[in-house]
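The sequence shown begins at 643 in the working numbering and counts up one residue at a time.
Read the structure below first, then the notes.
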Amino acid sequence: MEDPSSRTAHDGPPGQVARGGSKSGGPAAHGGPPGQAARGGSNSGGPAAHGGPPGQAARGGSDSETDVTREIKTHFRVCRFIMESGVKLGMRSVPVATACELYHRFFECVSLRVYEPYLVAMSCVYLAGKVEEQHLRTRDIINVSHRYFHNASAPLECDREFWELRDSVVQCELLILRQLDFHVSFRHPHKYLLHYLMSVKALVNRHAWTRTPVAETAWALLRDCYHGVMCIHHAPQHIAIATLYLALNSYGVEMPVGEREWWQVLCEDVTKEDINAVISDLLQLYDMEAKCV
Numbered sequence: 643m644e645d646p647s648s649r650t651a652h653d654g655p656p657g658q659v660a661r662g663g664s665k666s667g668g669p670a671a672h673g674g675p676p677g678q679a680a681r682g683g684s685n686s687g688g689p690a691a692h693g694g695p696p697g698q699a700a701r702g703g704s705d706s707e708t709d710v711t712r713e714i715k716t717h718f719r720v721c722r723f724i725m726e727s728g729v730k731l732g733m734r735s736v737p738v739a740t741a742c743e744l745y746h747r748f749f750e751c752v753s754l755r756v757y758e759p760y761l762v763a764m765s766c767v768y769l770a771g772k773v774e775e776q777h778l779r780t781r782d783i784i785n786v787s788h789r790y791f792h793n794a795s796a797p798l799e800c801d802r803e804f805w806e807l808r809d810s811v812v813q814c815e816l817l818i819l820r821q822l823d824f825h826v827s828f829r830h831p832h833k834y835l836l837h838y839l840m841s842v843k844a845l846v847n848r849h850a851w852t853r854t855p856v857a858e859t860a861w862a863l864l865r866d867c868y869h870g871v872m873c874i875h876h877a878p879q880h881i882a883i884a885t886l887y888l889a890l891n892s893y894g895v896e897m898p899v900g901e902r903e904w905w906q907v908l909c910e911d912v913t914k915e916d917i918n919a920v921i922s923d924l925l926q927l928y929d930m931e932a933k934c935v
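Listed below in structure tokens is the structure:
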């Protein structure tokens, strides 16, 4: 959805110098490890030391609306980075979703100004592989991330820079676990959407189903939901119903009329307001995508 070349300056690769701050004893600005991530302060070792305790307010006063919008754009771009990295690493859909949710839940607790988002994203990918039993090597994650920001460069050598970067990813993983109280297993909408798709397919006209990519569209909409915090703010069943509802309406596929709406039959606790809320948040994400390009 987004070309890496369109990133703004402060959304650069892991290890970029903090905004308005200095890096003490670290490598060059964009070539150092993500562990050099404190924004507005010096690096004293691992991620836990970056800029003070988690959630500490950034220097300089309260957030303005511009600051909030900038943070939302940053999170959007970083989740795009997670998804593209997941594809290159051969990750399944659920581990990628877990990585995105780990990222969003972490930054629900702490300030974006304190922690380098791309370092957190790399650690989330590494941790998600463990949680979803699709183990990934840190070297593969680092090389894919390095290539994401430096298309023409060769893989990193196993030198001091690489080992510092690896240590930063591992230390940040521990920080994420502590910040989330080790609650890193989530219910995703994927299994619900699969069940709902099978149920709806049996209800609609066979020819209408085969000539319209309802299933593909619903899965694409679900994947797009993880660019934002929808996975935190909405129940997984509601997200699955809403994405299927939007896909069916997009292609004008008619559902049988009965005493209850089809979505009430599939999910008893969902309301039309719930569906509209999910769709509204998703449309806002697409609007954000247009602003990020």
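Yeah, the Cβ is synthetic: ideal placement off N, Cα and C, and Gly gets one too.
Which whole-angstrom value is the C-beta distance of residue i and residue j, which I expect to be below 8 Å?
i	j	result
V920	I874	12 Å between Cβ atoms; not a contact.
K715	C934	5 Å
E931	F718	7 Å
L835	T885	7 Å
I784	L819	Between L819 and I784 the Cβ distance is about 20 Å, and since that is not below 8 Å, they are no contact.
V738	G728	4 Å
Sort the options by Cα distance to residue i and report the nearest one.
i	options	result
Y838	D911, I883, D809, C766	I883
Y887	F828, S735, V856, F723	V856
E946	A860, G870, D709, V826	What is shown of the chain runs 643 to 935, which leaves residue 946 out entirely.
T740	E758, V767, C800, G732	V767
D923	Q906, Y868, L822, A889	Y868
S735	N793, P831, Q821, Y790	P831
D809	Y790, R779, H792, F824	R779
L761	R865, M872, V811, C742	V811
In terms of residue numbering, what span does the alpha helix (DSSP H) encompassing residue i cover?
i	result
P878	878–892
M930	914–934
V871	It is not in any alpha helix (DSSP H) - V871 carries neither H nor E in the DSSP assignment.
V842	832–845
V811	802–821
D911	Counting along the chain, D911 falls outside any alpha helix (DSSP H), and DSSP gives it neither H nor E.
V899	That residue, V899, is in no alpha helix (DSSP H); it is neither H nor E in DSSP.
H849	848–852
Applying the 10 Å Cβ sphere with the 16-neighbour rule, what's the burial state of residue i?
i	result
M840	exposed
H849	exposed
P898	exposed
R925	Residue 925 is actually Leu in this sequence, not Arg. By the 10 Å Cβ count, L925 comes out exposed.
L817	buried
F723	buried
Y893	exposed
Y928	exposed
Tell me, please, whether the CB atom of residue i is closer than 8 Å to any CB atom in chain B?
i	result
Q821	Absence of chain B from the displayed structure is noted, only one protein chain being present.
In three-state terms, what does DSSP make of residue i?
i	result
S827	coil
R701	Residue placement at R701 is poorly supported in this model, since its pLDDT is 37, which falls under 50; the coordinates are not used for a value here.
C606	No information on residue 606 is available, as it lies outside the stretch 643 to 935 that the chain covers here.
Y757	coil
P797	coil
L744	helix
Q906	helix
R734	coil
G728	helix
R779	coil
G771	helix
V752	coil
T708	helix
H717	helix
H788	helix
State yes or no: is the C-beta of residue i nearer than 7 Å to some heavy atom of the ligand NAP?
i	result
G894	This structure lacks the ligand NAP, and indeed carries no ligand of any kind.
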